[in-house]
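Numbering of the sequence shown is given in my numbering, commencing with residue 24 and proceeding in unit increments.
Glycine included, every Cβ here is placed at the ideal spot set by N, Cα and C.
Input: a single structure, listed below in structure tokens.
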Amino acid sequence: GPGRVAVSFDHVGGGLAVAGEKLIGFEVAGNDGTFASASASIEGEQVVVVSESVAEPTAVRYAWSPRPAASLINQESLPASPFELPVK
């Protein structure tokens with residue numbers, strides 16, 4: 024099945040939110056290091072990232088391009104910074 028990654032944040036202000044209709048800008052990679060686009064949803068103070076094409080994610084990234092499409096904010100409308108992280 025699809026691989027799921029839960030991403031936690033240290034500073035969420037009043038909570039995580041979406042600027043627009045849905046979360047965009049998330050990608051995951053498997054052992055081959057090739058990133059694939061992923062869907063994402065807010066679940067409490069985490070973002071759960073899922074990709075049908077990566078069964079066992081080893082890395083997750085967000086807004087990782089020179090002109091990123093990104094929509095993750097907090098309740099105070101501050102945007103999340105781009106990141107790339109290994110999956111623990």
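For residue j and residue i, believed in contact at Cβ under 8 Å, the rounded distance
i   : j    : result
A86 : P105 : 4 Å
V83 : V110 : 6 Å
Buried or exposed (CB count within 10 angstroms, at least 16 for buried), residue i
i    : result
E107 : exposed
E66  : exposed
G26  : buried
A29  : exposed
A103 : buried
For residue i, the first and last residue of its enclosing beta strand (DSSP E)
i   : result
G26 : 26 to 31
Q69 : 69 to 74
A40 : 39 to 41
Test item: CB-CB of residue i and residue j under 7 Å
i   : j   : result
V71 : A61 : no
S88 : I47 : no
G43 : Q98 : no
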